Structures are given as C-alpha cells and as structure tokens.
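Structure first, commentary second.
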Amino acid sequence: MPKRQILKIGAIGLCCLFAFSGFVALGNWQLDRRVWKLELIQKVDERVHASATPAPSRPLWPTVSKQSDEYRHVIVTGHFLADKNALVVGASTLGSGYWVLTPFQRLDGSIVYVNRGFIPQGVEPAEVPSGEVEVSGLLRINEPMGSTLRANDPSAGRWYSRDVKAIASAQGLSAAPYFIDSDKGQPGSRQQAHQSRDWPVGGLTVIQFHNSHLVYALTWYGLAAMMLGAFAIVVREERRTHS
126 MPKRQILKIG
136 AIGLCCLFAF
146 SGFVALGNWQ
156 LDRRVWKLEL
166 IQKVDERVHA
176 SATPAPSRPL
186 WPTVSKQSDE
196 YRHVIVTGHF
206 LADKNALVVG
216 ASTLGSGYWV
226 LTPFQRLDGS
236 IVYVNRGFIP
246 QGVEPAEVPS
256 GEVEVSGLLR
266 INEPMGSTLR
276 ANDPSAGRWY
286 SRDVKAIASA
296 QGLSAAPYFI
306 DSDKGQPGSR
316 QQAHQSRDWP
326 VGGLTVIQFH
336 NSHLVYALTW
346 YGLAAMMLGA
356 FAIVVREERR
366 THS
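For the sequence shown, my numbering begins at 126 and goes up steadily by one.
The structure is reproduced here in structure tokens:
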C-alpha cells in the first residue's frame, strides 16, 4: 500500500477515533445522568409520601434548597392573613386560571405563603378560615420565572410567577423563601369543585421529571458505531481503489 494512502487512512482513522471516543464519552455521561435522575425521582417520591414534618423555621431558611427540600411533605400551624391573596396566572388539570397564594403566619411569628389551590378565571376564592389551623402540603422553592413570558407587575398586583419573595415585598411582608402547595381538603381550600364557594382546589401539584437519558445514550452509542462503520468503509474503498 502506498505511503500516501497509509497516511490518508491514518488521518481519517484518527478523526474517526476522536469522534468515536467523544460519542462514547457522551453516551457514558448520559447513563450517569440517568442514574442520578432515577435517584432523584426516588428521593422526591419518598419525600412526597412521607409523613408531614414541620416546615423549616426562620433560622433554617438560608439552608433551604431545591436539591434537599423541594417537594418535602411539611406542615405549618398558625393562621392565614386575610385580604392578602395573590392571584398568580397558571394552568392546572382543571383548566386555565389562577393559583391563590395567601400569607400564613406561624406560631413563631414568621410568614410562609400557602398556595391554597386553583381557581378558574372569573371565580373568587373562598375566604380563609379564621383562627388557628394546621395546613399540610408540599414545600416548593421560590419561582421567580413563571410558565409565561410576561413579567410580574407588582404595582398592579398582576402575577405571572409564584415569586413569593416579590409578592411578600409588594405586600410589605418578610416571608420564607419557599411556599407550600396545600394538600387536598386543607383549611382554605376544597377537595371538590362544583360551586364557586368550593374554590380554590388544592392538591393539584403535578410532579414530572424529564428522563430521556437512556434514549440520548443510545443515540450517542449509535453515532459511535457509525464512526467505526464509516472508517471500515473508507479502508475498504481505499484498498479497492489501489488494488
């Protein structure tokens, strides 16, 4: 085989080897991500179905994080602050409408917002119960970015994301950096929704994790195999040309 041909095949081989190694590495990375995602899903499932524990108190607020606390099943005791509802544009399995976020003062005086549930457009939420109550639900991390492209307008009271930090600031409150999605049938919400007095409806949290890492991994491995096949074809054709 001529030296020039050997050099040509060698150069193509190096390129194919580089691409092959890269594709295999990306496939391995996706498998690692899949393991991580499955572990995360398991942890979240355990949190959701665990018995409710007291929500993080004020001294623990700085330590609350999405990784360690999101979707924890928590409970708070105290009372709702009436006439301070924040209606956040949103959608649920019941259609388009609003999430009703109401500040809740705990026994230690700290404030946490409770997502009492969903109301459709044109419906007023029921009044909050008076007196001391217990509310359980899922801990959710502050959401400065909503599902729409519209920005919050605090001065007009128009909210498009569940940004409890901004909502609290607009209402002159100091609140926890998280909020609570109330369970079904909790004080301040209703389990069924047949009449206007039964709104808002709680317990509508949808937990979904995008997990296509195996598909991505197989795609990268497939591309790696294609590189080997392409190199084999090049070698065969070069040999046939110079035979």
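Just so you know, even glycine gets a beta-carbon here, dropped at the ideal spot from N, CA and C.
Small disclaimer: the values here were computed from a predicted structure and weren't measured.
| Item | Value |
| --- | --- |
| Rounded C-alpha distance that separates E362 from L343 | 28 Å |
| Classification of D233 by the beta-carbon crowding that lies within 10 angstroms, buried from 16 upward | exposed |
| The region 214 to 234 contacting the region 244 to 256, beta-carbon criterion three pairs below 8 Å | yes |
| C-beta contact flag for I200 and V237 at 8 Å | no |
| Status (buried if at least 16 other CB within 10 Å, exposed otherwise) for A136 | exposed |
| Collapsed DSSP secondary structure at S321 in the structure displayed | For S321, the predicted structure reports a pLDDT of 46, less than 50, and the residue's modelled location is therefore unreliable. The matter cannot be settled from this model. |
| Counted within 10 angstroms of its Cβ, other Cβ atoms place W345 as buried (16 or more) or exposed | buried |
| Between the CA atoms of T227 and G256 - distance to the nearest angstrom | 15 Å |
| Buried/exposed call for N210, threshold 16 Cβ in 10 Å | buried |
| Span separating the alpha-carbon of S266 from that of L353 | Looking at the sequence provided, one finds Ile at residue 266 rather than Ser. Those two C-alpha atoms are separated by around 47 Å. |
| R265 - containing beta strand (DSSP E), residue span | V258 to I266 |
| Assigned exposure category for C140 - 16 Cβ within 10 Å defines buried | exposed |
| Coil, strand or helix - I236 by DSSP | strand |
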